[in-house]
Every structure is written in structure tokens, then in C-alpha cells.
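All residue numbers for the sequence shown refer to my numbering, where the first residue is 35 and numbers rise by one.
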Amino acid sequence: MNRIGIYDSIRNIRKSYGIFFTPQWVVDFMVQMINKNILQKKDVLILEPACGNMQFLIGIKRNNFSFFKKAKKFALEINEKIVEFIKHQGMTEGVN
């Protein structure tokens with residue numbers, strides 16, 4: 035599926051299933067609330083359930099790259115079309 039087809043598919047999926055992606059300002063606010071003690075730990079696991087278009091992982095990467103880089107990252111999404119979209123965008127590198 036080409037890029038435009040994938041974007042159209044995501045729009046249709048959102049309408050069909052009533053999917054709501056978290057607004058960027060909410061993501062940034064929540065990411066900034068990560069406890070400072072957690073940021074300093076050596077072994078960290080980030081789990082993003084129902085990841086959609088991975089806003090939280092992207093928000094963590096944008097706001098605290100060193101924390102993002104050292105963390106083990108897991109993202110879960112059950113909608114195959116959304117998974118196809120995030121893979122096509124190259125957003126799954128380093129994410130299990």
C-alpha cells in the first residue's frame with residue numbers, strides 16, 4: 035500500500051472504530067511528569083499499550099532523548115492497519 039493509501043486507511047479506521055489519538059500537548063505534559071528518579075535508573079522499560087501512532091514514545095524521544103535511548107521500548111497495537119502505518123513510517127526501529 036502506498037503512503038497516501040495508508041493515510042487514507044488510518045483516517046477511515048479512526049472514523050470506523052471511533053479511535054482517538056492523544057493530542058500532542060497532552061503527550062508533552064504527561065512526558066514532562068515522568069519522575070526524575072525513573073529518569074536516572076539504568077534499566078528502564080517503556081510500555082506503550084494501544085500505541086496508535088506512537089505519540090508517547092515519540093514524545094519521550096523528543097523531550098528526553100538520553101532516557102529514550104537507554105530504555106527498552108515495547109509498543110502494542112492490535113489494529114493491523116495502524117501497525118502497517120507505523121512500520122511504513124519507520125517508527126518501529128528499536129521498539130519491540
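All C-beta atoms in this analysis are idealised placements derived from N, C-alpha and C, irrespective of residue type, glycine included.
Where does the unbroken alpha helix (DSSP H) through Ile120 begin, and where does it stop? Residue numbering aside, residue 120 sits at position 86 when the sequence shown is read from its first letter. Looking at the DSSP string, the run of the alpha helix (DSSP H) that includes Ile120 is 114-122.
With a floor of 4 residues, list each alpha helix (DSSP H) that falls wholly inside the stretch 55-126, ordered by position along the chain. 58-66, 70-73, 89-97, 99-104, 114-122
- For the stretch 104-121 against the stretch 61-73, are there 3 or more C-beta pairs whose distance is under 8 Å? no
- Item | Cα-Cα separation, Leu91 to Gly52 | The residue given as residue 91 occupies position 57 in the sequence shown. The residue given as residue 52 occupies position 18 in the sequence shown. Between Leu91 and Gly52, the C-alpha separation is close to 22 Å.
For this session: Please work out which residues of its chain come closer than 7 Å, Cβ to Cβ, to Asn98, disregarding the five sequence neighbours upstream and downstream, and give them in chain order.
Result: One-based indexing of the sequence shown puts residue 98 at position 64. Taken in chain order, the residues that qualify are Leu73.
Q | C-alpha gap between Met67 and Ala109, whole angstroms | A | If you number the sequence shown from 1, residue 67 lands on position 33. If you number the sequence shown from 1, residue 109 lands on position 75. Cα to Cα, Met67 sits roughly 20 Å from Ala109.
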